[in-house]
Amino acid sequence: MTTDTVDSDVFEAHRAVLTAVAYRMLGGVADAEDVVQEAWLRWSAHDTSEVREPRAYLVRITTRLAIDRLRLARTHREAYVGPWLPEPVVTDYGPVAPDTAERAVLADSVSLAVLVVLESLSPLERAVFVLREAFGFPYAEIAAVLDRTEPAVRQLAGRARRHVEERRPRYDVDPAERRGVTERFLAAAAGGDLDGLLALLAPDVRLIGDSGGKAKAPLRILEGADKVGRFFAAVGADAARYSVRLMEFNGAPAALVLGADGPDLVLQLEIADGRVRCVYLVRNPDKLGGTDPERPVL
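For reference, each letter of the sequence shown is one residue, going 2 to 299 in this note's numbering.
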């Protein structure tokens, strides 16, 4: 077996965790895959015989590349048309996370709500939060990844954790209940049933639609049950042209809406006390690449 083959095998053994780190850092599948590919190029060009801990070394490369890309992406997002949402991905962990508690941690760390909150952290805070909260890296190892002192990393972690806890949803909904509410919501929307929609929507519900200006979706956040309900009652008139598949995206039930040409949008509901608190609607065609269950990302 050649050295190149060994290097490739080692990298492939860690590709999944590298992609998972990069996605949580960047919120996009293509960006995450680009970062992992660049990490491979650096790994393959390095004398890996000097590397004692390949996983730590590769996570360090990937995290630093993701930080650089995140800083650049934030400049580009200032010109983004309409609200920006993370790219939804299918999350059917199967046997990877059989333990219920472990699965809950994995699901929470990629939830759309949490990824939206992570957008408000600095790149360094986000890196510390992802490595510590999602993957349980020791502070000393995170310090080595970021070339910071351990006390500085602990300070970043505390600040990031407080920020996320203040802004993340504070309710926990059983997946079966969430799926049931989603099914009733879709049925009411498809039937143009405004009363049925209003019965499901919280008074202060918000609709966040991400089209990037490349598809029809609200270019501003809609607020209030009446506005959100009327929007979905109106678009339900086109329901016959589409098929709907309920799947798990970002750790929770969601609807993949398929048109004649393939995926058209992903819709996910944030629910509390049986009512919809927020509707995430991702329709930017550039963000539907992670909807293929045969091409798992995380």
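C-beta: ideal position from N, C-alpha, C; glycine also. All values derive from a computational prediction rather than experimental measurement.
Starting from the Cα of residue i, find the closest Cα among the options and give me that residue.
i, options, result
"G214", "V283, E34, V117, D8", "V283"
"E54", "V91, H15, L71", "H15"
"S121", "R163, G83, R155", "R163"
"F267", "L71, E13, V60, V90", "Correcting the residue type first, residue 267 is Val in the shown sequence and not Phe. Selected option, being the one with the closest Cα: V90."
"A177", "Y24, S112, S244, A253", "A253"
"R182", "A67, V60, A23, L270", "Per the sequence presented here, residue 182 reads as Val, with Arg not at that position. The residue with the shortest Cα to Cα distance from V182 is L270."
"A238", "G193, A218, N251", "G193"
"V131", "A17, A23, V280", "A23"
"G290", "C279, A114, V277, G263", "G263"
"F232", "N251, R56, V60, L208", "L208"
"L247", "L202, R185, L116, A67", "R185"
"D109", "A256, G230, R171, K217", "R171"
"I272", "A161, A203, S123, F12", "A203"
"K288", "A216, V236, G225", "A216"
"P124", "Y140, Y81, Y58, I68", "I68"
Rounded to whole angstroms, how far is the Cβ of residue i from the Cβ of residue j, which I believe are closer than 8 Å?
i, j, result
"V33", "L27", "Here the sequence assigns Ala to residue 33, which means Val is not the residue at that position. Confirmed, about 6 Å."
"T63", "V37", "6 Å"
"V129", "I143", "6 Å"
"R127", "A158", "Contact flag wrong, Cβ pair sits at about 11 Å."
"G29", "E88", "5 Å"
"A191", "L198", "About 11 Å separates the two Cβ atoms, so there is no contact after all."
"L113", "Y281", "5 Å"
"A135", "R25", "6 Å"
"F250", "T20", "Their Cβ separation, rounded to whole angstroms, is 16 Å, which puts F250 and T20 out of contact at 8 Å."
"D227", "A218", "Not really, about 19 Å apart at Cβ, beyond 8 Å."
According to DSSP, simplified to helix, strand and coil, what is residue i?
i, result
"D69", "helix"
"A234", "helix"
"P124", "helix"
"A135", "helix"
"L202", "strand"
"V52", "coil"
"E249", "strand"
"L208", "strand"
"L19", "helix"
"P152", "helix"
"G260", "strand"
"I143", "helix"
"L223", "strand"
"E271", "strand"
"D100", "In this prediction, D100 scores a pLDDT of 49, lower than 50, which makes its location untrustworthy; the coordinate-derived value is nonetheless stated afterwards. It is coil, neither helix nor strand."
"Y170", "It should be noted that the sequence gives Pro, not Tyr, for residue 170. P170: coil per DSSP, three-state reduction."
"D194", "coil"
"S112", "coil"
"Y281", "strand"
"V82", "coil"
"F255", "Note that residue 255 corresponds to Ala in the displayed sequence, not to Phe. Three-state result, A255: strand."
"L59", "helix"
"V91", "strand"
"L266", "strand"
Can you give me the Cβ contacts of residue i inside the same chain, cut-off strictly under 8 Å, excluding the 5 residues immediately before and after it?
i, result
"S9", "S45"
"S244", "V258, L259"
"R221", "G83, P84"
"R242", "G260, A261"
"T101", "With a pLDDT of only 49 at T101, under 50, the local geometry of the prediction cannot be trusted, and the value read off the model is given with reservation. The answer is none, since no qualifying residue turns up."
"A188", "D194, G197"
To which residues of the same chain is residue i closer than 6 Å at the C-beta, ignoring the five residues directly before and after it?
i, result
"R168", "V118"
"L116", "G28, P87"
Is there a Cβ from chain C that is less than 8 Å from the Cβ of residue i?
i, result
"V229", "Absent from the structure: chain C. Only one protein chain is present."
Can you list, in chain order, the residues of its chain with a C-beta nearer than 7 Å to that of residue i? Leave out the 5 residues immediately preceding and following it.
i, result
"D48", "none"
"L66", "V36, E39, A40"
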